[in-house]
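Sequences listed follow chains A and B, in order. Note that the first sequence covers residues 1 to 295 in this note's numbering. Note that the second sequence covers residues 296 to 675 in this note's numbering. See structure below.
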Amino acid sequence: MANCLVDRLSLSNNRAGLTVHIGTALGCHIDGSQLKLDCIEAEERRRAWAALLMLHTIQGVAFGKPEITPLYRKQVTLPADTNDMNILRDRIEPAPNHPTQMTYLISKFRLYQTTSNVIQCLLDNSQRPSERLVLSLDLQIEAERQKWEDQYSHDNDTSLLQGHHRVQYNMLVAYSHQLILLLYRPFLNDNATGEFPERVQSKCLSSAHGLLEIHKLFFEDPAFKDFRWYGMGLGSFHAFHGAVVLAAILLKSGNSDAAYHMNRSILDGSIQRFISLAERSSICARAISVLQYLR
Amino acid sequence: MRMQNMENTNPSPTFGTQSSQVPQKRRPNVRKPLSCTVCRQRKAKCNRRLPCSACEQRRSPHLCTYNHGSQSQASHVSSSYRDSLSSQLEGLEDLVQRHLAAGGPRPRGDHGACVQAEQFSSNQSLAMSEIYIQPPRTPPSQLLPVDENSFHLVEPVARDTPRSGPCGALYSSDDGSVEYKVDCLHWTSALSGRNIREVSKAEFKPPVNKASNGFPFHAAKPTSIDALHEMIPPKRQRDYLVSRYFASIAPLYHILHEPKFCEDYSQFCRDPQSVPLSWLALLYVVLSLGASALGDELELLGQLGVENDRLTTAKSLSARFQNAAMSCLAADQFMIRHRLSTFQALTMLIYAMNNSEGTGSTWALLGMHGKLSSGPSVAF
Numbered sequence: 001m002a003n004c005l006v007d008r009l010s011l012s013n014n015r016a017g018l019t020v021h022i023g024t025a026l027g028c029h030i031d032g033s034q035l036k037l038d039c040i041e042a043e044e045r046r047r048a049w050a051a052l053l054m055l056h057t058i059q060g061v062a063f064g065k066p067e068i069t070p071l072y073r074k075q076v077t078l079p080a081d082t083n084d085m086n087i088l089r090d091r092i093e094p095a096p097n098h099p100t101q102m103t104y105l106i107s108k109f110r111l112y113q114t115t116s117n118v119i120q121c122l123l124d125n126s127q128r129p130s131e132r133l134v135l136s137l138d139l140q141i142e143a144e145r146q147k148w149e150d151q152y153s154h155d156n157d158t159s160l161l162q163g164h165h166r167v168q169y170n171m172l173v174a175y176s177h178q179l180i181l182l183l184y185r186p187f188l189n190d191n192a193t194g195e196f197p198e199r200v201q202s203k204c205l206s207s208a209h210g211l212l213e214i215h216k217l218f219f220e221d222p223a224f225k226d227f228r229w230y231g232m233g234l235g236s237f238h239a240f241h242g243a244v245v246l247a248a249i250l251l252k253s254g255n256s257d258a259a260y261h262m263n264r265s266i267l268d269g270s271i272q273r274f275i276s277l278a279e280r281s282s283i284c285a286r287a288i289s290v291l292q293y294l295r
Numbered sequence: 296m297r298m299q300n301m302e303n304t305n306p307s308p309t310f311g312t313q314s315s316q317v318p319q320k321r322r323p324n325v326r327k328p329l330s331c332t333v334c335r336q337r338k339a340k341c342n343r344r345l346p347c348s349a350c351e352q353r354r355s356p357h358l359c360t361y362n363h364g365s366q367s368q369a370s371h372v373s374s375s376y377r378d379s380l381s382s383q384l385e386g387l388e389d390l391v392q393r394h395l396a397a398g399g400p401r402p403r404g405d406h407g408a409c410v411q412a413e414q415f416s417s418n419q420s421l422a423m424s425e426i427y428i429q430p431p432r433t434p435p436s437q438l439l440p441v442d443e444n445s446f447h448l449v450e451p452v453a454r455d456t457p458r459s460g461p462c463g464a465l466y467s468s469d470d471g472s473v474e475y476k477v478d479c480l481h482w483t484s485a486l487s488g489r490n491i492r493e494v495s496k497a498e499f500k501p502p503v504n505k506a507s508n509g510f511p512f513h514a515a516k517p518t519s520i521d522a523l524h525e526m527i528p529p530k531r532q533r534d535y536l537v538s539r540y541f542a543s544i545a546p547l548y549h550i551l552h553e554p555k556f557c558e559d560y561s562q563f564c565r566d567p568q569s570v571p572l573s574w575l576a577l578l579y580v581v582l583s584l585g586a587s588a589l590g591d592e593l594e595l596l597g598q599l600g601v602e603n604d605r606l607t608t609a610k611s612l613s614a615r616f617q618n619a620a621m622s623c624l625a626a627d628q629f630m631i632r633h634r635l636s637t638f639q640a641l642t643m644l645i646y647a648m649n650n651s652e653g654t655g656s657t658w659a660l661l662g663m664h665g666k667l668s669s670g671p672s673v674a675f
């Protein structure tokens with residue numbers, strides 16, 4: 001089965017490679033400002049190029065090749081963080097307030113730099129990464145989160161966000177949770193005690209909770225209704241990751257304290273949600289048997 | 296001859312240290328500098344390549360030089376080389392001017408208009424140092440804080456920042472396809488005035504292999520233009536799917552400029568035959584993504600779908616539009632002719648395919664597979 005999946009992924013990867021070459025033939029690897037284009041076309045080129053590089057990075061990561069090839073070390077300006085209506089043929093105006101239509105894509109693009117570093121750290125170390133390296137990457141992720149808060153919050157309060165901005169913010173946070181889980185995974189099964197192992201435990205636990213909480217929002221919060229397609233796809237995969245980590249922590253810990261019961265009920269709730277989505281989401285359908293086994 | 300010249304002046308780091316002629320008389324052992332001149336002046340670490348990484352990072356590879364051997368010898372060689380370069384440059388500039396006077400190809404200017412010949416000429420007569428393709432200079436504060444091995448796009452800067460001259464330009468052909476050409480590689484200019492007849496574009500058409508145009512997409516059958524339009528749904532449903540795209544997909548993958556797309560879309564509604572095939576492909580991708588975000592809109596699905604089961608309908612509808620987009624791209628010969636809409640359609644098509652059930656779950660499942668077999672995995 002794995003071979004079949006890799007085949008299909010590599011087809012997608014080939015398409016992305018082909019598209020990179022077509023983009024290069026069109027001059028998208030050169031910033032539009034150097035090509036005497038009107039601002040709208042220059043901006044469309046920047047967006048498509050950034051979006052394609054993102055797809056390429058994702059697939060590189062999936063193949064265990066997170067480093068970016070020299071092909072992409074080109075100087076293309078990131079798309080402007082502004083709204084479509086502020087991009088005119090002859091000029092680009094700054095957006096009156098944030099977040100803009102582009103904030104999410106740009107934030108995600110930045111996060112991919114960090115993703116690349118995290119994956120590289122995990123792949124480079126045949127044993128396991130040093131605690132110092134892990135903590136510095138943790139700080140990088142935290143710095144990204146801080147940027148999103150600055151971009152998205154109104155009066156320093158992200159709970160006031162409305163509509164799709166709230167969805168975007170939560171999706172970014174979900175990505176960062178997944179990165180934290182990946183980063184600390186090599187240490188999660190340690191039985192040692194001390195400051196670092198405790199940090200691993202609490203970081204993983206809070207990210208797992210975070211992922212399951214966000215997954216719940218997709219199906220219970222009206223603002224997320226338009227984005228259920230995402231919740232049933234990648235959103236469910238993130239939630240599955242969170243649920244597996246939560247199950248692993250439960251297997252490790254004693255089953256008497258209050259925290260155990262709370263975590264247990266969160267896990268059960270997520271399994272119930274996976275069951276209810278199984279008909280519409282193949283990821284959920286596959287996740288159920290794994291989670292029920294781990295439980 | 297030129298190669299020889301190059302070799303003589305090529306200051307490879309080992310060149311100065313491994314002398315092939317053993318000196319007869321042992322001179323006092325003066326330590327020769329191994330780092331490049333700039334790094335020595337800056338007291339910076341130099342990896343002793345040509346150009347060295349430090350000079351590359353400073354975006355001034357042309358300044359990276361090595362001073363091996365005695366001073367007088369070095370200056371003697373480089374001045375002769377410099378002379379030969381400047382005479383070559385003069386010859387080339389002369390050829391470019393003559394070529395322009397004869398009416399060579401012009402790059403595309405603002406809004407697709409041709410720029411003035413004088414402007415082109417000033418771009419062409421680049422100083423020798425500019426023949427290195429130099430990326431625009433960006434203050435370090437605008438670079439992303441990533442290590443030098445990872446790629447980076449530059450943070451948005453003020454759009455009116457003057458940049459170094461373009462190293463290439465866009466050329467559009469009669470059929471609307473666009474191509475980027477690097478100016479300093481145009482050897483056609485070297486042919487003008489030499490009694491060699493210029494081969495016109497019409498005479499030099501690349502052979503087209505119809506069977507392979509669809510690769511790697513499955514669209515071997517040549518499709519007529521009418522057949523490509525047939526798959527477009529009626530206006531009401533089409534408008535709905537486009538609006539679903541902008542409500543559910545665009546916030547997460549904002550690639551298109553909405554007002555411009557809407558402008559093109561209303562043009563399409565007025566006269567469907569007037570839009571290029573690559574734009575039609577883009578429309579199909581938008582419809583496919585819109586369909587993939589459909590939830591419980593039974594009424595719409597009932598009018599469009601063939602199956603009774605609404606889940607299968609939404610999926611098959613999305614897949615059908617994806618196939619239509621591929622057919623359009625193949626019919627447009629996207630492997631050899633491209634417009635920006637070709638590139639947008641392809642990028643969004645990959646996104647659509649990865650998100651649709653099936654291939655989308657493969658990424659996630661691939662991650663899952665890696666996860667379970669204890670390798671690091673991520674799926675974004």
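For each residue, glycine too, the CB sits at the ideal point set by N, CA and C.
Problem - Under 8 Å by beta carbon: chain D residues contacting TYR646 (chain B) - result: No chain D is present in this structure, whose protein chains are A and B.
Problem - Reduced DSSP secondary structure (H/G/I, E/B, other) of LYS216 (chain A) - result: In the first sequence, residue 216 (chain A) corresponds to position 216, counting from 1. It is helical.
Exercise for the section: State the Cα-Cα distance for the pair CYS204 (chain A) and VAL167 (chain A), rounded to the nearest angstrom. Expected result: The residue labelled residue 204 (chain A) in the question sits at position 204 within the first sequence. The residue labelled residue 167 (chain A) in the question sits at position 167 within the first sequence. When rounded, the distance between both Cα atoms is 22 Å.
Practice task
Measure from the C-beta of VAL200 (chain A) to each C-beta in chain B and report whether the shortest distance is under 9 Å.
Solution key: Position 200 of the first sequence, counting from 1, holds the residue named residue 200 (chain A). Cβ-Cβ to chain B under 9 Å: no for VAL200 (chain A).
Exercise for the section: Determine the chain B residues that contact ILE40 (chain A) at a beta-carbon separation under 9 Å, and present them in chain order. Expected result: What you label residue 40 (chain A) is simply residue 40 of the first sequence in a count that begins at 1. The contacting residues are HIS552, PRO554, LYS555.
Handout entry: Nearest-angstrom Cα separation, counted from MET232 (chain A) out to ASP221 (chain A)
Key = Taking the first residue of the first sequence as 1, we reach residue 221 (chain A) at position 221. Taking the first residue of the first sequence as 1, we reach residue 232 (chain A) at position 232. In a straight line, the C-alpha of ASP221 (chain A) is about 14 Å away from that of MET232 (chain A).
Handout entry: Reference LEU345 (chain B), options B:ALA588, B:LYS338, B:LEU358, closest by Cα
Key = In the second sequence, counting from the first residue as 1, residue 345 (chain B) sits at position 50. Minimum Cα distance to LEU345 (chain B) is reached at B:LEU358.
Problem - Residues within the stretch 617-642 of chain B neighbouring chain A, beta-carbon criterion of under 9 Å - result: Within the stretch 617-642 of chain B, the qualifying residues are PHE629, MET630, HIS633, ARG634, LEU635, THR637, PHE638, GLN639, LEU641, THR642.
Exercise for the section: Give the DSSP-derived three-state secondary structure of ALA464 (chain B) in the structure shown. Expected result: Numbered from its first residue, the second sequence carries residue 464 (chain B) at position 169. Note: ALA464 (chain B) maps to strand in three-state DSSP.
Practice task
Could you tell me if CYS564 (chain B) is buried or exposed, where buried requires 16 or more neighbouring beta carbons within 10 angstroms of its beta carbon?
Solution key: The residue labelled residue 564 (chain B) in the question sits at position 269 within the second sequence. CYS564 (chain B) is exposed by the Cβ-count criterion.
Practice task
With a 10 Å radius around its C-beta and 16 neighbouring C-beta atoms as the bar for buried, classify PHE63 (chain A) as buried or exposed.
Solution key: Taking the first sequence and counting its residues from 1, the one referred to as residue 63 (chain A) is at position 63. With fewer than 16 Cβ atoms within 10 Å of its Cβ, PHE63 (chain A) is classed as exposed.
Exercise for the section: Measure from the alpha carbon of ASN263 (chain A) to the alpha carbon of each residue in A:GLU142, A:GLU279, A:GLU43, A:VAL245, then state which is nearest. Expected result: As a working mapping, residue 263 (chain A) is identified with position 263 in the first sequence. For ASN263 (chain A), the closest C-alpha among the options A:GLU142, A:GLU279, A:GLU43, A:VAL245 is that of A:VAL245.
Exercise for the section: Check the DSSP bridge columns for ASP157 (chain A) and list the partner residues they point to. Expected result: As a working mapping, residue 157 (chain A) is identified with position 157 in the first sequence. According to DSSP, which records beta bridges pairwise, ASP157 (chain A) is partnered with A:HIS154.
Handout entry: HIS357 (chain B) at chain A interface by Cβ criterion, 9 Å
Key = Taking the first residue of the second sequence as position 1, residue 357 (chain B) is located at position 62. Look at HIS357 (chain B): its C-beta is not under 9 Å from any C-beta on chain A.
Exercise for the section: Let me know the secondary structure DSSP gives GLU198 (chain A) once reduced to three states. Expected result: Position 198 of the first sequence, counted from the first residue, corresponds to residue 198 (chain A). GLU198 (chain A) falls in the helix class under three-state DSSP.
Handout entry: Residue interval of the alpha helix (DSSP H) (run including PHE638 (chain B))
Key = Numbered from its first residue, the second sequence carries residue 638 (chain B) at position 343. Looking at the DSSP string, the run of the alpha helix (DSSP H) that includes PHE638 (chain B) is 635-650.
Problem - For LYS476 (chain B), the residue or residues it bridges with in DSSP - result: Numbered from its first residue, the second sequence carries residue 476 (chain B) at position 181. In DSSP, LYS476 (chain B) forms a bridge with B:ALA464.
Exercise for the section: Report yes or no: do the stretch 542-551 of chain B and the stretch 575-590 of chain B share at least 3 C-beta pairs separated by less than 8 Å? Expected result: Touching, yes, given that three or more Cβ pairs across the two stretches are closer than 8 Å.
Practice task
Give the C-beta separation of ALA48 (chain A) and THR642 (chain B) to the nearest angstrom, bearing in mind that I take them to be a contact with Cβ-Cβ under 8 Å.
Solution key: By one-based count along the first sequence, residue 48 (chain A) stands at place 48. By one-based count along the second sequence, residue 642 (chain B) stands at place 347. Beta-carbon to beta-carbon, ALA48 (chain A) and THR642 (chain B) are separated by about 5 Å, close enough to satisfy the 8 Å threshold.
Handout entry: CA-to-CA distance, TYR579 (chain B) to GLN532 (chain B), given in whole angstroms
Key = Position 237 of the second sequence, counting from 1, holds the residue named residue 532 (chain B). Position 284 of the second sequence, counting from 1, holds the residue named residue 579 (chain B). GLN532 (chain B) and TYR579 (chain B) have their C-alpha atoms spaced approximately 13 Å apart.
Practice task
Check each candidate in A:ARG185, A:SER159, A:ASN97, A:LEU18 and name the one with the smallest Cα separation from CYS121 (chain A).
Solution key: As a position in the first sequence, residue 121 (chain A) is number 121, starting the count at 1. If we check each option's Cα against that of CYS121 (chain A), A:ARG185 comes out closest.
Exercise for the section: Could you say if the stretch 86-99 of chain A and the stretch 29-41 of chain A meet the contact criterion of at least three C-beta pairs nearer than 8 Å? Expected result: Yes, the stretch 86-99 of chain A touches the stretch 29-41 of chain A.
Practice task
Find out if the Cβ-Cβ distance for the pair LYS338 (chain B), ALA349 (chain B) is shorter than 9 Å.
Solution key: Translated into positions along the second sequence, residue 338 (chain B) becomes position 43. Translated into positions along the second sequence, residue 349 (chain B) becomes position 54. Against a cut-off of 9 Å, the Cβ pair of ALA349 (chain B) and LYS338 (chain B) comes out as no contact.
Problem - ARG295 (chain A) versus ASP268 (chain A): straight-line alpha-carbon distance, rounded - result: Locating residue 295 (chain A) in the first sequence gives position 295, counting from the first residue. Locating residue 268 (chain A) in the first sequence gives position 268, counting from the first residue. Each residue's Cα considered, the two are about 9 Å apart.
Practice task
Let me know the secondary structure DSSP gives ILE92 (chain A) once reduced to three states.
Solution key: Working through the first sequence from its first residue, we reach residue 92 (chain A) at position 92. DSSP places ILE92 (chain A) in strand when its eight states are reduced to three.
Practice task
For ILE550 (chain B), name the three-state secondary structure that DSSP assigns.
Solution key: As a first step, residue 550 (chain B) must be located in the second sequence, where it is residue number 255. Assignment of ILE550 (chain B) by DSSP, reduced to helix, strand and coil, places it in the coil class.
Handout entry: ARG110 (chain A) beta carbon near the ligand GDP (any heavy atom closer than 8 Å)
Key = This structure simply doesn't include the ligand GDP, nor any ligand for that matter.
Handout entry: Beta-bridge pairing of ILE87 (chain A) - partner residues as DSSP gives them
Key = Taking the first residue of the first sequence as position 1, residue 87 (chain A) is located at position 87. Residue pairing by DSSP places ILE87 (chain A) opposite A:ILE92 in a beta bridge.
Handout entry: Stretch pair the stretch 549-556 of chain B + the stretch 191-198 of chain A: three plus CB contacts closer than 8 Å
Key = Judged by pairs of C-beta atoms under 8 Å, the stretch 549-556 of chain B does not touch the stretch 191-198 of chain A, as fewer than three such pairs exist.
Practice task
Kindly say whether GLU474 (chain B), judged by its beta-carbon, lies nearer than 9 Å to any beta-carbon of chain A.
Solution key: Position 179 of the second sequence, counted from the first residue, corresponds to residue 474 (chain B). Yes, contact with chain A.
Exercise for the section: For THR19 (chain A), I'd like the list of residues in its chain whose CB is within less than 7 Å of its CB, leaving aside the five on either flank, ordered along the chain. Expected result: What you label residue 19 (chain A) is simply residue 19 of the first sequence in a count that begins at 1. Result list for THR19 (chain A): LEU52, in chain order.
Problem - Exposure label - GLY163 (chain A); buried when at least 16 CB within 10 Å - result: Here residue 163 (chain A) refers to the residue found at position 163 when the first sequence is read from its first residue. GLY163 (chain A) comes out exposed.
Practice task
For THR24 (chain A), decide whether its Cβ has a neighbour in chain B, counting only Cβ atoms nearer than 9 Å.
Solution key: As a working mapping, residue 24 (chain A) is identified with position 24 in the first sequence. Chain B, which has a Cβ nearer than 9 Å to the Cβ of THR24 (chain A), makes this yes.
Problem - Neighbour list for PRO571 (chain B) in chain A, Cβ cutoff strictly below 9 Å - result: Taking the second sequence and counting its residues from 1, the one referred to as residue 571 (chain B) is at position 276. Within chain A, no residue comes near PRO571 (chain B); the closest Cβ sits about 14 Å away, beyond 9 Å.
Handout entry: Opening and closing residue of the alpha helix (DSSP H) in which PHE237 (chain A) lies
Key = Here residue 237 (chain A) is taken as the residue at index 237 of the first sequence, counted from 1. For PHE237 (chain A), the enclosing alpha helix (DSSP H) covers residues 234-252.
Handout entry: Sequence-distant residues of the same chain with beta carbon closer than 6 Å to GLU351 (chain B), five excluded per side
Key = For the purposes of this step, residue 351 (chain B) is taken as residue 56 along the second sequence, with counting starting at 1. There are no such residues.
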